[in-house]
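Student: In the order they appear, the protein sequences are chains D and E. If you count the first sequence from 1, position 51 lands on 336 in the numbering used here, and the numbers rise without skipping. If you count the second sequence from 1, position 785 lands on 787 in the numbering used here, and the numbers rise without skipping. Cβ atoms here follow ideal geometry from the backbone N, Cα and C, with glycine treated the same way. Here it is, the structure, as structure tokens.
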Amino acid sequence: MVSGLINANPVVYEKKERRVRSVPSAAADEYAVEPIDQQEIFDHIRDIKDPEHPYSLEELKVITEDAIDIDDSRGSVRVTFTPTVEHCSMATVIGLCLRVKLLRSLPSRYKVDIRVAPGSHATEAAVNKQLNDKERVAAALENPGLVDMVDECLSPSYE
Amino acid sequence: MAETTELIQHIELYVDTSRSPTEQAASLNSIISLVKSDFLTIEVLVKEMRMYLTTTDNVIRARGILLLAEVLTGLASKPLENATIHSLIGFFTDRLADWRALRGALVGCLALLRRKVNAGMVSASDAKLVAQSYIESLQVQSLGQHDRKLCFELLECLLERHPNEIASLGETFFYGICQAMDGEKDPHCLMLTFPIVETLVRIYPDPSGSLASFCGDLFELLGSYFPIHFTHLKDEDAEVKRDDLSKALMSAFSSTPLFEPFVIPLLLEKLSSSLPLAKVDSLKYLNHCTAKYGADRMAKHAGAIWISLKDAISNSLEKPAMSFTSEPLYGLGFQENEIATEALMLLQKVTLQNEALFLSLIIQDEGINIVFNSIASHEHYNNIPLQGKQWLHAVGRILYIISKTSMASCNSVFESFFPRLMNTLEISVTNSSGDCTLNENSFPSKKFNFGALYLCVELIAACRDLIMRSKDLAPKPDTPQETCRYMLQSFADSLVNAFSSSLATNANEVAHGADIYFKVKGLQILATFPGDFLPISKFLFANILTILMSIILVDFNKIVLWKLVLKALVHIGSFVDMYHESEKALGYMGAVVDKTVSLVSRDDFNMPFSLKLEAVSEIGASGRNHMLKIVQGMEEAIVAKLSDYVHGNLKSAEKTIQLLECYCNKILSWINETGGLEEVLLRFVINIWSCVESCQDFSIQVQEEELLDATMMAMKLAVGSCSEESQNIIIHKAYSVISSSISIPFKESLDATSSIQLEELRVSEQIDKSSCRDDQIDKFSLRDEWILSLFASVIIAVRPKAQIVNVKGILHLFMTTVLKGSVPAAQASGSVINKLGTKSNETANSNECTLEEAVDMIFSTKLWNLNENGVVRTCGSGNGSKVGLTDLCLGFSSNKLLQVHAIVGLAWIGKGLLLLGHEKVKDVTKILLECVLSEGRIRAMELKQGLLENSYEQHSVMRSAADAFHIIMSDSEVCLNRKFHAIARPLYKQRFFSTVMPILQSWIIKSDSSVCRSMLFRASAHLISNAPLIVILSEAKKLMPVLLDGLSLLSEDILDKDKLYSLLLVLSGILTDKNGQVAVIENAHILVNCLTRLIDYPHMMLVRETALQCLLATSELPYARIFPMRIQVLQAICKALDDPKRAVRQEAVRCRRAWLVL
């Protein structure tokens, strides 16, 4: 039984400035398509709260904008996240949060792939397998304790 | 004795600590009123209270003494005998030693000491005793916060009222006070102690005596508070601001020059600390103390101050400026924080005080000299390292500030630095009488040293600012032997040459903005020296202008350079205009204004037209005379282009539009702001009319709608800004043009009945014939359209008091042209009606038309003949039935287009009446409603005749009738607004809305035809989306079904998307309001249905986004109401997650989360 926090003293980084997108003049581009891009995905997940600390995943550099691969035409997203410590048992919870948030924010045509960054976690393969197994994710979301935890992480804090 | 028992009761109550504060206050008040009304004397009160005042029970004694003290506080204005006061103050003085009952003693002493002369005061000897007792028995710092505050108040009161007695107490008292204040930390108390120090210093004025020896001790106590810094902000301290406290400390610091040996070293030490707050504060304190301590005392510290200031300025610079085009820019454009600003202010102050000393310090300063030596190594701005730039900026600013302080310092700075700069720049003295022609080759391919350039510009800028300031203060010519003047005089020519030739060569290479900026600025400053100080020759001034103008004309591709030069020219222009330099003004007018004007009229330049217009409007704005010239030039250009256009040159149309827009946006607004240039506007309008009049044949075939619109707008704005007299002239001119040259039947006569017969003119016969032949009645010639539209613009923009000639004739003309589809004519007739409103109660002369007559003419008189083809002709010849406007609206003619035009005309007239608050609006509404409902009647007729192809046309009539409500309710940009002097009653929208809406609602219920209903919904939607939200909110419950139906109706046609959006905004306004939400609850289901449909609306992103926001707001409705819709909403939002637009997707995510957590 782990009594204390897993990473008691994480490094907190500065938040990146929120880029304001230039708004195209409405009349000309009324029917133009703005594809879903990296930044949009990042905006969805940057404010997810860390399960242990009152910081966002962005502040802890668990996720960065560069770690998101997206192909809008084929409808696939891959998010690679980096746990703060190698033995972090919260990695699966963070992954679950990411998956749930993207599930709720993206159209259904997307396939979401969540991975731990190579070499950043002790049980990398196991975590990856767990996070991308539909059955196991569904089962996890049946667990009321886990759902509460995920909902708390996803609760809006900046809007 | 009843009073005594009552008194005892009150005393008991007050002394009893278990009672509530309000009860105690009440008993205190009743005792005070007893004494005040003389039922009770103080002596009796004290006798009655003796037991409470002397008992050994600490609590009761403390309360008793406090009661007595509070009673005395309440009796501040009641006269008391001296003996009484003496014995009372004696009592309280004794009690000061009683620490358990101290509060009462303090309050009592304060109350007695604060008494006014006429109510009996404490004698001086008694006050002295109080002070002695204070020193002997009070341990201030061991007391609580409130007691400490009372102690300091007592001390303050003693010092203020009895300074002499206190002074005679001498050293012991002084130390006593120091002890009392030592270590005080509460802000409230500190606000009292700082002024105490000030007073204390004042009452020991002897500089060599006791104070001098105490100053060190006193300052030791004060100094520890600097800089004031609140470690934590508590709420109760909120009323004491850091700034107030800091100011109090500052005046304590500067209270005596004797502090100087202690204060200045401390401040300089804190200035070198790393805490920004400490730096800013020490600079502020230094600034304040400098003035108080005097020049002699400060002289000792000059060296140290200079070094600290230099460091403060150069170390506090932040990042450099990104662009050199934004004004105003200090130095090299480094952002200066508060520290640098304060430091520069202080520098100015100390230099003013100790001029010679600081000047020698600065001139001999090693750092500055190093900078001067190193500038030679950097040619371009980009080559200078950041550190170097910072130093350069700092030195530039320091020299600028120093030279600006006085003529003497300006002279010595010039003496020591200017020749060195000139050396670096390799500029030599030319005698000013020599040749002043510009020699491009005098600086062949020479690189211009940036650092030297910058410093040089700062120096001459400082010199100029100094002169301008002294000129403003005392307009007298300076003594001729000023060094800086002499130097500038001798270098001016070569400087101008150097700047301008390097600008010209630089123009070929890519130069950094900074390089260009300072060269242009240098030229600008040299050109704007007042003539009596630096008489630069006419040629030189002309040279500068020529150089700048040539850049304007040629180098328009280098946008930075171009903009800077334009700005410089504008500065020079406004200088010339403001200071009445007649010779320069002449030169400026010739070299700049005339050339700029010619830019517009000539087409032979490659220069983009928009840049030309920018140059014209900017330079015009620099002065009144310039504007007059520019306006004239623009007018000529506009008129020339217009006549060019009407003679078939279609290319000139685009430029004319730009010219007109520039005229409207820039020049007209400048004229309106400045005022007094009305004759210019009048001339412009008259010129355009003359132009239109003189063009007899419009040879163009293609109509440029935009050009006509732009001309109309310019005409309206120009006429609208004129006074009534000028408007009268314009109306006459326009009327003469229209009556002489328009080919539309037009009656001159005044009498309504006779005119109807008289109005057949020769051309109308032709029109009649041609219209009979091929139904061309709705077309008229281009020239007519122009004249008519411009005339309508004049009528739209005139003030209500202006005299319109032949109102009836004009109205008749407008009515006729309205039927041909001229919207301006409709708007003009609305305006005429609206503005007639004020004249009705004046004594109208015979040829004027009253509002009633005009209204009567519109609504009752039958003006036209309807012939069998459904074509109208003006009344008179021919047979067929006579019709009026209202008949046409109601469809007496089978020509539906005619009916639509009539409805539009009626709508504008209705708007004019509505703004006026006229009752005829009801008739207009009735007619329009009938048109909306006309389908039922027509349907019956059609069924009889079997004519079904008419139904589409009929729909267009109904639709335009419904849209007429939009015209009536919405604010128009082009007419009937405040800019064009419409008369508008307050709350007219509310009134109209609340009269018409119930009628529409009842019709909606009654109506059985689907087309009718949809048109009624359409009309209601217009009403709802234009009515003020507050009205809608109060009736939200009733309006909701109509609104929702309106939404789904408008979403069917792509052309209605803007109307749909404005209606949706009303809905979101309702949903975000608390009362609105209550009103919505019943219709939640329909609402959600409607909104989920709008999420998919493909034609407008804003509609989808707003619909999602509305859904988000809906999720806050009561749970039981909306939960059944949850699945439906979530499914709808799912689709929105894949919306093409990002803003919609974001809104969808937010909305989805809200509905998910339900």
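My assumption, with CB atoms under 8 Å, is that Thr530(E) sits in contact with Phe577(E). Please give the rounded CB distance.
Tutor: In the second sequence, the residue the question calls residue 530(E) occupies position 528. In the second sequence, the residue the question calls residue 577(E) occupies position 575. Confirmed, about 4 Å.
Student: Does Glu343(D) have its Cβ less than 7 Å from a Cβ in chain E?
Tutor: In the first sequence, the residue the question calls residue 343(D) occupies position 58. No - not a single Cβ of chain E is within 7 Å of the one on Glu343(D).
Student: Just tell me which of Lys1061(E), Val1044(E), Leu285(E) and Glu381(E) has its CA closest to the CA of Leu268(E).
Tutor: Here residue 268(E) refers to the residue found at position 266 of the second sequence. With distances taken between Cα atoms, Leu268(E) lies closest to Leu285(E).
Student: Quick check: what's the CA-CA separation for Thr755(E) versus Ser862(E)?
Tutor: Locating residue 755(E) in the second sequence gives position 753, where the first residue counts as 1. Locating residue 862(E) in the second sequence gives position 860, where the first residue counts as 1. Its pLDDT being 36, under 50, Thr755(E) is placed unreliably in this model, and the coordinates cannot settle the point.
Student: Using beta-carbon positions only, say whether Met1042(E) and Asn1077(E) come within less than 7 Å of one another.
Tutor: Position 1040 of the second sequence, counted from the start, is the residue given in the question as residue 1042(E). Position 1075 of the second sequence, counted from the start, is the residue given in the question as residue 1077(E). Cβ distance not < 7 Å, so Met1042(E) and Asn1077(E) don't count as in contact.
Student: Suppose you measure from the CA of Ile690(E) to the CA of Glu921(E); what does that come to, to the nearest Å?
Tutor: On the second sequence, position 688 is the one that residue 690(E) refers to. On the second sequence, position 919 is the one that residue 921(E) refers to. Approximately 38 Å between the Cα atoms of the pair.
Student: Is there a Cβ from chain D that is less than 7 Å from the Cβ of Pro229(E)?
Tutor: Taking the second sequence and counting its residues from 1, the one referred to as residue 229(E) is at position 227. Judged by the 7 Å Cβ criterion, Pro229(E) is not in contact with chain D.
Student: Mark Ser502(E) as exposed unless 16 or more other C-beta atoms lie within 10 angstroms of its C-beta, in which case mark it buried.
Tutor: Along the second sequence, one-based indexing puts residue 502(E) at 500. By the 10 Å Cβ count, Ser502(E) comes out buried.
Student: Using the three-state DSSP reduction, which class does Asp1060(E) fall into: helix, strand or coil?
Tutor: The count along the second sequence starts at 1 and reaches residue 1060(E) at position 1058. If DSSP states are grouped into helix, strand and coil, Asp1060(E) belongs with the helices.
Student: Given 8 Å as the limit, is there contact between the segment 1000-1015 of chain E and the segment 981-988 of chain E, that is, 3 or more CB pairs closer than that?
Tutor: The segment 1000-1015 of chain E is not in contact with the segment 981-988 of chain E.
Student: Just how far apart, CA to CA, sit Ser32(E) and Glu158(E)?
Tutor: Locating residue 32(E) in the second sequence gives position 30, where the first residue counts as 1. Locating residue 158(E) in the second sequence gives position 156, where the first residue counts as 1. Cα to Cα, the separation comes out at about 31 Å.
Student: Of the residues that make up the segment 381-395 of chain D, which ones have a beta carbon closer than 8 Å to any beta carbon in chain E?
Tutor: Those would be Arg389, Ser390, Leu391, Pro392, Ser393 and Arg394, in chain order.
Student: Just how far apart, CA to CA, sit His164(E) and Leu140(E)?
Tutor: Along the second sequence, read from residue 1 onward, the residue named residue 164(E) stands at position 162. Along the second sequence, read from residue 1 onward, the residue named residue 140(E) stands at position 138. Looking at the two C-alpha atoms, the distance is approximately 19 Å.
Student: Is there at least one Cβ from chain D nearer than 7 Å to Leu1139(E)'s Cβ?
Tutor: In the second sequence, residue 1139(E) corresponds to position 1137, counting from 1. Yes - at least one Cβ of chain D is within 7 Å of the one on Leu1139(E).
Student: So what does DSSP say about Ile574(E), is it helix, strand or coil?
Tutor: Residue 574(E) sits at position 572 when you count from the first residue of the second sequence. Looking at Ile574(E) - three-state DSSP - the assignment turns out to be helix.
Student: Go through its chain and collect everything with a Cβ distance to Cys438(D)'s Cβ below 7 Å, but skip five positions before and after it.
Tutor: Walking along the first sequence from the start, residue 438(D) turns up at place 153. So the qualifying residues of the chain are Ile333, Lys334, Pro336 and Cys382.
Student: For Gln147(E), is the classification buried or exposed, using 16 other Cβ atoms within 10 angstroms of its Cβ as the cut-off for buried?
Tutor: The residue you call residue 147(E) lines up with position 145 of the second sequence. When all chains shown are included, Gln147(E) counts as exposed.
Student: Any beta-carbon of chain D closer than 7 Å to the one on Val1131(E)?
Tutor: Here residue 1131(E) refers to the residue found at position 1129 of the second sequence. So, not an interface residue.
Student: Run down chain D in chain order and give the residues with a C-beta less than 8 Å from the C-beta of Met1102(E).
Tutor: In the second sequence, counting from the first residue as 1, residue 1102(E) sits at position 1100. Going along chain D in sequence order, the residues near Met1102(E) (Cβ under 8 Å) are Glu315.
Student: Counting pairs of beta carbons, one from the segment 421-438 of chain D and one from the segment 12-31 of chain E, are three or more of them closer than 8 Å?
Tutor: No, they do not touch.
Student: Report the option in Val809(E), Leu77(E), Lys406(E) and Arg117(E) whose CA atom is closest to the CA atom of Val857(E).
Tutor: Residue mapping note: residue 857(E) aligns to position 855 of the second sequence, counting from 1. Ranking the options by Cα distance to Val857(E), first place goes to Val809(E).
Student: Bridge partners of Val401(D), per DSSP?
Tutor: In the first sequence, residue 401(D) corresponds to position 116, counting from 1. BP columns for Val401(D) point to Phe366(D).
Student: Please list the terminal residues of the continuous beta strand (DSSP E) segment that includes Asp354(D).
Tutor: The residue labelled residue 354(D) in the question sits at position 69 within the first sequence. Taken as a continuous stretch (DSSP letters only), the beta strand (DSSP E) holding Asp354(D) covers Ile353 to Asp356.
Student: So, with DSSP's three-state summary, where would you put Phe82(E)?
Tutor: Residue numbering aside, residue 82(E) sits at position 80 when the second sequence is read from its first letter. The displayed chain sequence assigns Leu, not Phe, to residue 82(E). Coil.
Student: In chain order, what residues of the same chain have a beta carbon less than 6 Å from the beta carbon of Leu69(E), not counting five sequence neighbours either side?
Tutor: Taking the first residue of the second sequence as position 1, residue 69(E) is located at position 67. Answer for Leu69(E): Tyr16, listed in chain order.
Student: Are the beta-carbon atoms of Val825(E) and Gln729(E) separated by less than 7 Å?
Tutor: Residue mapping note: residue 825(E) aligns to position 823 of the second sequence, counting from 1. Residue mapping note: residue 729(E) aligns to position 727 of the second sequence, counting from 1. For Val825(E) and Gln729(E), no; Cβs fall outside 7 Å.
Student: Residues of chain E with CB closer than 9 Å to the CB of Val432(D), please, in chain order.
Tutor: Residue 432(D) sits at position 147 when you count from the first residue of the first sequence. Here the premise fails: no neighbours, minimum Cβ distance about 12 Å.
Student: DSSP on Val265(E), reduced to helix/strand/coil?
Tutor: For the purposes of this step, residue 265(E) is identified with residue 263 of the second sequence, where counting begins at 1. In the structure shown, Val265(E) sits in a helix (DSSP, three-state: H, G or I).
Student: Please confirm whether Lys1143(E) has its beta-carbon closer than 7 Å to some beta-carbon of chain D.
Tutor: Walking along the second sequence from the start, residue 1143(E) turns up at place 1141. Yes, Lys1143(E) lies at the interface with chain D (some Cβ there is under 7 Å from its Cβ).
Student: Is any beta-carbon of chain E found at less than 7 Å from that of Val318(D)?
Tutor: The count along the first sequence starts at 1 and reaches residue 318(D) at position 33. Answer yes: the Cβ-Cβ gap between Val318(D) and chain E drops below 7 Å somewhere.
Student: DSSP on Ser361(D), reduced to helix/strand/coil?
Tutor: The residue given as residue 361(D) occupies position 76 in the first sequence. Ser361(D): strand per DSSP, three-state reduction.
Student: Could you please give the first and the last residue of the uninterrupted alpha helix (DSSP H) stretch that includes Tyr54(E)?
Tutor: As a position in the second sequence, residue 54(E) is number 52, starting the count at 1. Here the alpha helix (DSSP H) through Tyr54(E) covers Ile44 to Thr56.
Student: Can you tell me whether Lys822(E) is buried or exposed? The criterion is at least 16 other CB atoms within 10 Å of its CB, across all chains shown.
Tutor: The residue labelled residue 822(E) in the question sits at position 820 within the second sequence. By the 10 Å Cβ count, Lys822(E) comes out buried.
Student: Taking the alpha helix (DSSP H) that Ala716(E) falls in, what are its first and last residues?
Tutor: The residue you call residue 716(E) lines up with position 714 of the second sequence. Per DSSP, Ala716(E) belongs to the alpha helix (DSSP H) from Glu707 to Gly722.
Student: Judging by CA-CA distance, which residue of Ser127(E), Leu112(E) and Ile168(E) is the nearest neighbour of Lys151(E)?
Tutor: Against the second sequence, residue 151(E) aligns to sequence position 149. Of the listed residues, the one whose Cα sits closest to Lys151(E) is Leu112(E).
Student: Which of the three DSSP states, helix, strand or coil, is assigned to Lys334(D)?
Tutor: Residue numbering aside, residue 334(D) sits at position 49 when the first sequence is read from its first letter. It is a strand residue.
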